[in-house]
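Participant: If you read the protein sequences in the order shown, they are chains A and B. Take the first sequence: its position 410, counting from 1, is numbered 510 in this note's numbering, and each next residue is one higher. Take the second sequence: its position 79, counting from 1, is numbered 155 in this note's numbering, and each next residue is one higher.
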Amino acid sequence: MTRTVRVASGQGFWGDSLDAPRQQVDGGPIDYLMLDYLAEVTMSILQKQKERDPAMGYARDFIGAIESVLPGIVDRGVKVIANAGGVNPVACAHALLAAIARAGHGGKVKIGVVTGDDLLPRIDELLAAGHELKNMDTGAPLSTVRSRVLSANAYIGSTPIVQALQQGAQIVVTGRSTDTALTMAPLRHEFGWAADAWNELAAGIVAGHILECGAQSSGGNCLHDWRNIPDLANVGYPIAEVQADGTFVITKHPNTGGRVSVPSVTEQLVYEMGDPHSYITPDVVADFTSIRVASDGDNRVRVHGITGGPSTPFLKVSIAYRAGYKAVGSLVYAWPDAMEKAELANRILRERMDRLGLKFDQVLSEFVGANATHGHLAGDGRHAPEVQFRIGVRGEDRASVERFTREIAPLVLNGPPSVTGFAGGRPKVEEVIAYWPALIDKRVVTTHVEVLS
Amino acid sequence: MSASTVAVQLLDIAHTRSGDKGDMANCGVIALKPEWYPVLVRELTTDRISAHYGNLISGRVERFELPNLHALNFLLHGALDGGGTLSLKTDAQGKVVSTAMLRLIIHVPATEAAALGLPLYSAPV
């Protein structure tokens with residue numbers, strides 16, 4: 101009998117179901133629970149929170165998630181890996197220790213903390229040393245937006261998490277780990293995969309990719325046969341049952357809704373995919389054209405045959421910077437001639453902006469219900485029974501964006517007829533935090549591991 | 077189209093999922109049956125996809141083949157009005173760019189459609 105390690109997904113993003121972690125820990129046997137909290141924009145939000153309060157800057161939902169699974173992890177030894185630390189993993193770990201003590205389990209759970217991904221304090225030193233941190237999309241050097249940078253984090257791989265597990269941590273908290281590292285690390289720890297066992301490591305990445313978006317691989321947001329996917333109100337989150345050779349089965353707990361099928365897993369495999377021949381991570385470059393998927397019974401999909409190759413000398417860096425302001429407002433026009441009325445409102449509003457001399461970097465009008473998502477492919481919207489006119493502006497000047505938000509409501513009384521849907525009031529002006537992807541030499545990023553109890 | 081060809085809508089022969097990478101949307105197109113995958117490979121050329129999306133995208137289209145999954149992956153450059161938090165679009169993350177793909181109608185030889193059991197497209201009245 102070959103040994104199986106079960107890694108369960110309990111969170112696909114910050115804001116995902118609060119019940120999923122407990123459902124995964126209590127719904128059947130698992131060895132590890134992985135929780136992914138970070139998206140590109142999340143780090144800058146957390147950085148702002150940390151600036152206001154130095155004890156903040158992590159995903160606070162995580163504390164509640166751990167409280168909900170504590171009895172299960174204390175009794176059964178389930179381990180948890182989460183990138184909930186955001187820009188303050190140490191504060192997150194201390195908040196967690198306090199919560200564990202409050203629940204009467206003080207001293208029973210060791211917490212590993214991974215740091216070193218945060219490059220914000222080092223950014224000028226790095227630029228001075230010749231690391232340009234050029235924008236991967238535009239080629240522009242970071243110096244062009246340096247004064248507006250809010251956060252800068254290297255995507256780190258599974259190695260420091262493996263070290264924390266080796267040191268006895270039962271919960272590992274990281275900052276900007278890659279999403280896939282949260283699944284990879286327990287597999288490396290359990291199976292002792294070498295740093296150049298490329299095919300096994302690539303399999304770990306593929307398992308991580310399938311788990312990292314929560315129920316999106318187990319029937320959620322699944323287009324294939326969506327009408328017949330059962331009981332999404334009680335959707336089961338995915339679990340990877342992994343063997344030492346890197347083959348694995350994706351499944352979910354019994355008595356849960358959703359569906360694990362070849363189509364549901366395949367949809368997740370192609371999600372956010374670039375060049376499938378080289379899915380680049382800090383640990384390995386995985387080849388998604390090698391993946392074989394096959395049905396292995398009810399709600400079980402077998403994944404095997406995965407190959408990979410050496411990782412690159414770089415880590416990706418996620419930098420967030422202030423990029424002006426934006427606001428989006430909308431009004432709803434009803435039949436008859438809903439689309440024509442919405443179009444007239446658009447022309448009036450744009451003329452008003454011209455008369456006021458408002459200048460923006462971007463103005464976008466959409467007609468929701470007619471063509472907002474499919475454009476010309478959806479036809480001209482002439483027969484739409486109602487149309488939401490949605491208009492957004494973005495620019496450097498906050499006052500101009502503010503002035504724009506005051507031009508929408510007047511259309512209710514002085515624009516085209518049959519208008520409603522303005523109860524939300526004036527649109528809110530939001531600061532735009534933009535994302536700057538860059539690469540950095542792996543050797544200059546040093547991670548640290550500490551185990552607390 | 078000549079009498080020897082028939083119309084087939086992508087909606088009836090494939091399923092899709094899309095997401096974002098900066099200002100680029102990715103769109104995975106998966107054949108509903110393995111034997112239909114070669115039809116996708118032949119018909120869904122980058123030129124065809126580029127023409128289909130038209131002014132919905134401002135950049136080029138790249139295509140990758142995944143015969144192991146009976147799938148194609150398209151990268152649609154300049155699909156997201158700047159992408160990420162800069163974008164003002166409802167679909168700023170390209171989540172439903174993939175459904176616009178499904179509107180595509182291709183024309184295949186009637187004999188091939190019969191042999192492969194391809195569902196035929198009939199325009200809504």
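All residues carry an ideal CB built from backbone N, CA and C; glycine is no exception. These figures come from a predicted structure and were not determined experimentally.
Spatial neighbours of residue 471 of chain A within its chain, please: CB distance less than 7 Å, with the 5 preceding and 5 following residues excluded, ordered by chain position.
Facilitator: Numbered from its first residue, the first sequence carries residue 471 of chain A at position 371. Only 478, 481 meet the Cβ criterion.
Participant: Classify residue 468 of chain A as helix, strand or coil using the three-state DSSP reduction.
Facilitator: In the first sequence, the residue the question calls residue 468 of chain A occupies position 368. Note: residue 468 of chain A maps to strand in three-state DSSP.
Participant: Using 8 Å as the cut-off, can you tell me whether the region 363-381 of chain A makes contact with the region 101-111 of chain B, which would need three or more C-beta pairs spanning the two stretches below that distance?
Facilitator: At 8 Å Cβ cutoff, the stretches touch.
Participant: Rounded to a whole number of angstroms, what is the C-alpha to C-alpha distance between residue 129 of chain A and residue 163 of chain A?
Facilitator: As a first step, residue 129 of chain A must be located in the first sequence, where it is residue number 29. As a first step, residue 163 of chain A must be located in the first sequence, where it is residue number 63. Answer to the nearest angstrom: the Cα atoms are 22 Å apart.
Participant: Roughly how many whole angstroms lie between the Cα atoms of residue 101 of chain A and residue 230 of chain A?
Facilitator: Residue 101 of chain A sits at position 1 when you count from the first residue of the first sequence. Residue 230 of chain A sits at position 130 when you count from the first residue of the first sequence. At residue 101 of chain A the pLDDT is 48, less than 50, meaning the model places this residue with poor confidence; the figure from the coordinates comes in the next sentence. Using only the alpha carbons, I get a separation of about 54 Å.
Participant: At a Cβ cut of 9 Å, what residues of the region 83-99 of chain B count as close to chain A, listed as they run along the chain?
Facilitator: Hits within the stretch, in order: 91, 92, 93, 94, 95, 96, 97, 98, 99.
Participant: For residue 225 of chain A, count neighbouring Cβ atoms within 10 angstroms of its own Cβ and tell me buried if that reaches 16, exposed if not.
Facilitator: Position 125 of the first sequence holds residue 225 of chain A. Exposed.
Participant: Please classify residue 191 of chain A: is it buried, with 16 or more other beta-carbons within 10 angstroms of its beta-carbon, or exposed?
Facilitator: If you number the first sequence from 1, residue 191 of chain A lands on position 91. Buried, by the Cβ-count rule.
Participant: Beta strand (DSSP E) containing residue 185 of chain B: first to last residue?
Facilitator: The count along the second sequence starts at 1 and reaches residue 185 of chain B at position 109. Segment 181-185, the beta strand (DSSP E) holding residue 185 of chain B.
Participant: Is the shortest distance between the beta-carbon of residue 428 of chain A and the beta-carbons of chain B less than 8 Å?
Facilitator: Within the first sequence, the letter at position 328 stands for residue 428 of chain A. For residue 428 of chain A, the answer is yes, since a Cβ of chain B falls inside 8 Å of its Cβ.
Participant: Is residue 161 of chain B helix, strand or coil by DSSP?
Facilitator: Against the second sequence, residue 161 of chain B aligns to sequence position 85. Looking at residue 161 of chain B - three-state DSSP - the assignment turns out to be coil, as it is neither helix nor strand.
Participant: Output the residue ranges of the beta strand (DSSP E) runs that lie fully inside the region 194-239 of chain A and measure 3 residues or longer, sorted by chain position.
Facilitator: Listed in chain order, the complete beta strand (DSSP E) runs (minimum 3 residues) inside the region 194-239 of chain A are 211-215.
Participant: Helix, strand or coil, according to DSSP, for residue 503 of chain A in the structure here?
Facilitator: Taking the first residue of the first sequence as position 1, residue 503 of chain A is located at position 403. It is helical.
Participant: With a cut-off of 8 Å on the beta carbons, I'd call residue 233 of chain A and residue 540 of chain A a contact; round off their distance for me.
Facilitator: Walking along the first sequence from the start, residue 233 of chain A turns up at place 133. Walking along the first sequence from the start, residue 540 of chain A turns up at place 440. Contact flag correct, Cβ pair sits at about 7 Å.
Participant: Buried or exposed: residue 275 of chain A, going by 16 or more other Cβ atoms within 10 Å of its Cβ?
Facilitator: Taking the first sequence and counting its residues from 1, the one referred to as residue 275 of chain A is at position 175. That one is buried.
Participant: Would you verify that the beta carbon of residue 317 of chain A is, or is not, closer than 8 Å to some beta carbon of chain B?
Facilitator: Sequence index remark: in the first sequence, residue 317 of chain A carries index 217 (1-based). False, the Cβ-Cβ gap to chain B never drops below 8 Å.
Participant: Please list the terminal residues of the continuous alpha helix (DSSP H) segment that includes residue 125 of chain A.
Facilitator: Residue mapping note: residue 125 of chain A aligns to position 25 of the first sequence, counting from 1. Counting along the chain, the alpha helix (DSSP H) containing residue 125 of chain A begins and ends at 120-126.
Participant: Mind checking whether residue 307 of chain A and residue 335 of chain A have CB atoms under 8 Å apart?
Facilitator: Within the first sequence, numbered from 1, the residue matching residue 307 of chain A stands at position 207. Within the first sequence, numbered from 1, the residue matching residue 335 of chain A stands at position 235. It is not a contact, given that the beta carbons lie outside the stated cut-off.
Participant: Please state whether the Cβ-Cβ distance between residue 227 of chain A and residue 242 of chain A is less than 8 Å.
Facilitator: Your numbering for residue 227 of chain A matches position 127 in the first sequence. Your numbering for residue 242 of chain A matches position 142 in the first sequence. In this structure, residue 242 of chain A lies closer than 8 Å to residue 227 of chain A by Cβ.
Participant: Using DSSP bridges, identify the partner residues of residue 104 of chain B.
Facilitator: Locating residue 104 of chain B in the second sequence gives position 28, where the first residue counts as 1. Beta-bridge pairing links residue 104 of chain B to B/93, B/149.
Participant: Pick out whichever of A/386, A/196, A/548 has its Cα sitting closest to the Cα of residue 303 of chain A.
Facilitator: Within the first sequence, residue 303 of chain A is the residue found at index 203, counting from 1. Selected option, being the one with the closest Cα: A/386.
Participant: For the pair the region 81-89 of chain B and the region 177-190 of chain B, tell me if three or more CB-CB distances fall below 8 Å.
Facilitator: Yes, the region 81-89 of chain B is in contact with the region 177-190 of chain B.
Participant: Take the Cβ of residue 512 of chain A as the centre, count every other Cβ of all protein chains shown within 10 Å, and call the residue buried at 16 or more, exposed below.
Facilitator: Taking the first sequence and counting its residues from 1, one reaches residue 512 of chain A at position 412. It counts as exposed.
Participant: Would you say residue 149 of chain A and residue 250 of chain A are within 8 Å of each other, going by their C-beta atoms?
Facilitator: Counting from 1 along the first sequence, the entry for residue 149 of chain A is found at position 49. Counting from 1 along the first sequence, the entry for residue 250 of chain A is found at position 150. Not a contact, by the Cβ cut-off of 8 Å.
Participant: Starting from the C-beta of residue 160 of chain A, find all residues in its chain whose C-beta is less than 6 Å away, skip the five residues before and the five after it, and write them out in chain order.
Facilitator: The sequence position of residue 160 of chain A within the first sequence is 60, counting from 1. Cβ within range, chain order: n/a, list empty.
Participant: With 8 Å as the threshold, decide whether the Cβ of residue 157 of chain B is near any Cβ in chain A.
Facilitator: As a first step, residue 157 of chain B must be located in the second sequence, where it is residue number 81. Taking Cβ atoms only, chain A reaches closer than 8 Å to residue 157 of chain B, which makes this a yes.
Participant: If you compare alpha carbons, which of A/296, A/441, A/238 is closest to residue 410 of chain A?
Facilitator: In the first sequence, residue 410 of chain A corresponds to position 310, counting from 1. Among A/296, A/441, A/238, the Cα nearest to that of residue 410 of chain A is on A/296.
Participant: State yes or no: is the beta carbon of residue 172 of chain B nearer than 8 Å to at least one beta carbon in chain A?
Facilitator: Residue 172 of chain B sits at position 96 when you count from the first residue of the second sequence. Closer than 8 Å to some Cβ of chain A, the Cβ of residue 172 of chain B qualifies, so yes.
Participant: In chain B, which residues lie less than 9 Å from residue 535 of chain A when you measure between Cβ atoms?
Facilitator: Locating residue 535 of chain A in the first sequence gives position 435, where the first residue counts as 1. Those are 98, 159, 160, 161, 162, listed as they occur along chain B.
Participant: In three-state DSSP terms, what is residue 486 of chain A?
Facilitator: By one-based count along the first sequence, residue 486 of chain A stands at place 386. Residue state, collapsed to three classes: strand.
Participant: Any chance the region 419-433 of chain A sits against the region 487-502 of chain A, with 3 or more Cβ pairs inside 8 Å?
Facilitator: The region 419-433 of chain A vs the region 487-502 of chain A: in contact.
Participant: Who are residue 409 of chain A's beta bridge partners in DSSP?
Facilitator: Translated into the one-based positions of the first sequence, residue 409 of chain A becomes position 309. Residue 409 of chain A is bridged to A/385.
Participant: Please confirm whether residue 388 of chain A has its beta-carbon closer than 8 Å to some beta-carbon of chain B.
Facilitator: Mapped onto the first sequence, residue 388 of chain A falls at position 288. Yes, residue 388 of chain A counts as interfacial toward chain B.
Participant: Here's a check: name, in chain order, each residue in its chain whose Cβ is nearer than 7 Å to the Cβ of residue 141 of chain B, leaving out the five neighbours to either side.
Facilitator: Numbered from 1 along the second sequence, position 65 holds the residue referred to as residue 141 of chain B. For residue 141 of chain B, where only same-chain residues beyond five positions count, the Cβ hits under 7 Å are 117, 148.
Participant: Would you please verify whether the beta carbon of residue 154 of chain B is less than 8 Å from any beta carbon of chain A?
Facilitator: Taking the first residue of the second sequence as 1, we reach residue 154 of chain B at position 78. Closer than 8 Å: no.
Participant: Using a Cβ cut-off of 7 Å, which residues of the region 358-391 of chain A contact any Cβ in chain B, in chain order?
Facilitator: Cβ contacts with chain B: 363, 366, 367, 369, 370, 371, 372, 373, 374, 375, 376, 388, 389, 390, 391.
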